[in-house]
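There are 2 protein chains.
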Amino acid sequence: MENTSYSYLSREGNLASIASLGRSVFFPSNTTIFEQGSAAKYLYIVGEGVIRISRHLQDGQRYVMAFLKKGDICGVPETGTYLNCACTLSPTQLFKVNVSVLEKRSSDHGELFSELLLKTVTQIRIQQDRLIMTARCDVPTKVAMFLLDLCENFGCFCEKTGILTLPMPRSDIADYIGIAIESLSRALQVLTKQNVINRIDCRHLNIDVGRLRAAATP
Amino acid sequence: MENTSYSYLSREGNLASIASLGRSVFFPSNTTIFEQGSAAKYLYIVGEGVIRISRHLQDGQRYVMAFLKKGDICGVPETGTYLNCACTLSPTQLFKVNVSVLEKRSSDHGELFSELLLKTVTQIRIQQDRLIMTARCDVPTKVAMFLLDLCENFGCFCEKTGILTLPMPRSDIADYIGIAIESLSRALQVLTKQNVINRIDCRHLNIDVGRLRAAATP
DNA sequence: CGAACAGTTGAAGACGATCAATCTGAGTGG
DNA sequence: CCACTCAGATTGATCGTCTTCAACTGTTCG
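First to last, the sequence lines map onto chains A and B.
Per the working numbering, residue 1 is the first one in the first sequence, and the count goes up by one each step.
Per the working numbering, residue 219 is the first one in the second sequence, and the count goes up by one each step.
#1: Just how far apart, CA to CA, sit Ala86 (chain A) and Val339 (chain B)?
#2: Please report the residue range of the beta strand (DSSP E) in which Tyr272 (chain A) lies.
#3: So if DSSP puts Gln311 (chain B) in a beta bridge, which residue, or which two residues, is it bridged to?
#4: Can you tell me whether Ala16 (chain A) is buried or exposed? The criterion is at least 16 other CB atoms within 10 Å of its CB, across all chains shown.
#5: Less than 8 Å between CB atoms is the rule here; does Met386 (chain B) satisfy it with respect to chain A?
#6: Alpha carbon to alpha carbon, what distance is there between Ser308 (chain B) and Gly178 (chain A)?
#7: Report yes if the C-beta distance between Thr141 (chain A) and Leu349 (chain B) is below 8 Å; otherwise report no.
#8: Using C-beta distances below 6 Å, list every residue in its chain close to Ser238 (chain B), excluding the 5 sequence neighbours before and after it, in chain order.
#9: Let me confirm a value: Arg52 (chain A) is counted as buried when at least 16 other C-beta atoms fall within 10 Å, else exposed. Which label applies?
#10: For a contact defined as C-beta to C-beta under 7 Å, what are the partners of Arg62 (chain A) on chain B?
#11: Distance, Cα to Cα, Ser10 (chain A) vs Gly265 (chain B)?
#12: For Asn424 (chain B) and Ile173 (chain A), I'd like the C-alpha separation in whole angstroms.
#13: Whole-angstrom Cβ separation of Arg62 (chain A) and Asp393 (chain B), contact assumed at under 8 Å?
#14: Please list, in chain order, all residues of the same chain as Gly162 (chain A) whose beta carbon is under 6 Å from its beta carbon, the five residues on each side excluded.
#15: Do Ile342 (chain B) and Gln194 (chain A) have their C-beta atoms closer together than 8 Å?
#16: Leu430 (chain B) to Tyr300 (chain B), Cα distance in whole Å?
#17: Looking at the structure shown, is Ser225 (chain B) part of a helix, part of a strand, or coil, going by DSSP?
#18: At the level of alpha carbons, what is the spacing between Thr79 (chain A) and Lys41 (chain A)?
#19: Can you name the residues of chain A whose CB is closer than 7 Å to the CB of Thr338 (chain B)?
#20: My output table needs one value for Asn84 (chain A): the three-state DSSP class, helix, strand or coil.
#21: What's the call for Pro385 (chain B), buried or exposed, on a 16-neighbour Cβ count within 10 Å?
#22: Taking only three categories from DSSP, how would you classify Leu239 (chain B)?
#23: Could you tell me which chain A residues have their CB closer than 8 Å to the CB of Asn302 (chain B), listed as they occur along the chain?
#24: Could you tell me which whole alpha helix (DSSP H) segments of length 4 or greater appear in the region 358-399 of chain B?
#25: How big is the Cα-Cα spacing for Ala432 (chain B) and Glu370 (chain B)?
#26: Can you name, in chain order, every residue of its own chain whose Cβ lies under 8 Å from the Cβ of Phe229 (chain A), other than the five neighbours on each side?
#27: Is there a Cβ from chain A that is less than 8 Å from the Cβ of Lys287 (chain B)?
#28: Chain B partners of Ala187 (chain A), CB-CB under 7 Å?
#29: Quick test of your reading: Asn302 (chain B) and Gln254 (chain B), contact by CB under 8 Å. State the CB separation rounded to the nearest angstrom.
#30: I need the boundaries of the beta strand (DSSP E) containing Ala216 (chain A), first residue and last residue.
#31: Using a C-beta to C-beta distance shorter than 7 Å, which residues of chain A count as neighbours of Glu329 (chain B)?
#32: In angstroms, rounded to a whole number, what distance separates the CA positions of Ala216 (chain A) and Ala434 (chain B)?
#33: When Cβ atoms are compared, which residues of the region 140-159 of chain A fall closer than 9 Å to chain B?
#34: Exposed or buried, which one is Gly144 (chain A) when buried takes at least 16 other CB atoms within 10 Å?
#35: Any beta carbon of chain B sitting closer than 8 Å to that of Gln58 (chain A)?
Here's what the structure looks like:
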């Protein structure tokens, strides 16, 4: 594997140059570092200890997104608020970097890397949502969420007619959601019985967006 | 929600400055853009069309990681090879950017953003693996994968004694894996019966790493 | 027209969730 | 030092959901 064309990414990712912009802070065991929903003013780099990153869902359930260890990073902002909460599992030392410092650095450089960074951070958020969906929702809900995503983001839904044109076959959808093709078919049956969708042919569905949104809420 | 402290990330993420470095290319429907495992020389930004990103697993199964649409990005390299394969679902126009161009730009700027970018790209890869695990593996396999991760990456496994010290309670593990606490307990039973692990007390396990690695392979 | 593939439907079984009961172990106060 | 307590962890029994395998339907294209 040649190492020339992507060395910009393959160097030691120790985050030293970022950590040096912040200050070292300590937390005892079982302490909240930041709350879900609060303003994301700091980015943290773990020095020592183990941290739990978790998400509190509407229904009271909890999902643990990650366990962080030395060299890991959390609090990279995208929307301005923390999407998850962070809590120590052991006495922990962190480097705390003010996000405004990054802002300042960004203007010194070109937009290229910050654009790329934004895209990757967005993708992490999307994958987190998907992870929760995969782990916690039943099949009809998963399918509804997928259809809603198609309607809202893929430009294959006609608002006038209410018709969604599926750009991919059943097998791709099933492999995306992580279910069997047959389960997908049955979930579409369920949604049809609930008058959420109406099958025109296998690539065209009539959608009641309001009901779909309800069906896509766990 | 104030917009000052993170505007470096909140500007329109259209990737225009990156796309401008590449050239426009077209693919017909149902065409492979890149194969899983091949050298990652280009980064792609979707102009028009829908692309399927999928992963082929060892056992012949397939998992669809994502469907990409206008403005989405794929092929951001981390390890030097593509981890997934990309295939068009419709006629597609893309911007194809040589990774070496990014390399060149990186050296012009500080290391800060490329370090951050590497971290986020790594996190995306880890989340992808976790997504596959969550969707496709049975509970004992999931638990084995988790324990192996702890042994290899969290510094809580003593090679001499073969004892793993769990840094978190059962509830955290279960919420991380996405299973019930009781299922976790039963999975540990199964692994014990297979002589993969041996319970000392609820925070300490004797581990047979070789067998654990086997149990963690789907 | 019929072959080949995509999608749907049916029946059986496996797996994990849930609820309830029990066990363990660390911390507390007598 | 020993009961007592309470949360965490395990075990048992039951039930529902999703997978699997199989048969069938429908659609596209030579």
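Positions of the beta carbon are idealized from the N, C-alpha and C atoms, including for glycine.
Let me lay it out:
#1: 21 Å
#2: No answer is possible for residue 272 (chain A): the residues shown for chain A start at 1 and end at 218.
#3: B:Phe244, B:Glu266
#4: exposed
#5: yes
#6: 22 Å
#7: no
#8: none
#9: buried
#10: Asp393
#11: In this prediction, Ser10 (chain A) has a pLDDT of 40, which is less than 50 and means its spatial position is unreliable; nothing more can be read from the coordinates.
#12: 41 Å
#13: 5 Å
#14: Asn206, Ile207
#15: no
#16: 28 Å
#17: For Ser225 (chain B), the pLDDT reaches just 43, beneath the cut-off of 50, and the residue's location in the model is therefore unreliable, leaving the point undetermined.
#18: 11 Å
#19: Val76, Leu117, Thr120, Val121, Ile124
#20: coil
#21: buried
#22: coil
#23: Neighbours of Asn302 (chain B) on chain A: none; closest Cβ ~12 Å, over 8 Å.
#24: 388-395
#25: 14 Å
#26: Absent from the model: residue 229 (chain A). The displayed extent of chain A is 1 to 218, so no value can be given.
#27: yes
#28: Per Cβ cutoff of 7 Å: no residues; Ala187 (chain A) is ~15 Å from chain B at best.
#29: 6 Å
#30: That residue, Ala216 (chain A), is in no beta strand (DSSP E); it is neither H nor E in DSSP.
#31: Ser17
#32: 33 Å
#33: Asp149, Leu150, Asn153, Phe154, Gly155, Cys156
#34: The amino acid at residue 144 (chain A) is misidentified as Gly; the sequence shows Ala. Buried is the call here.
#35: no
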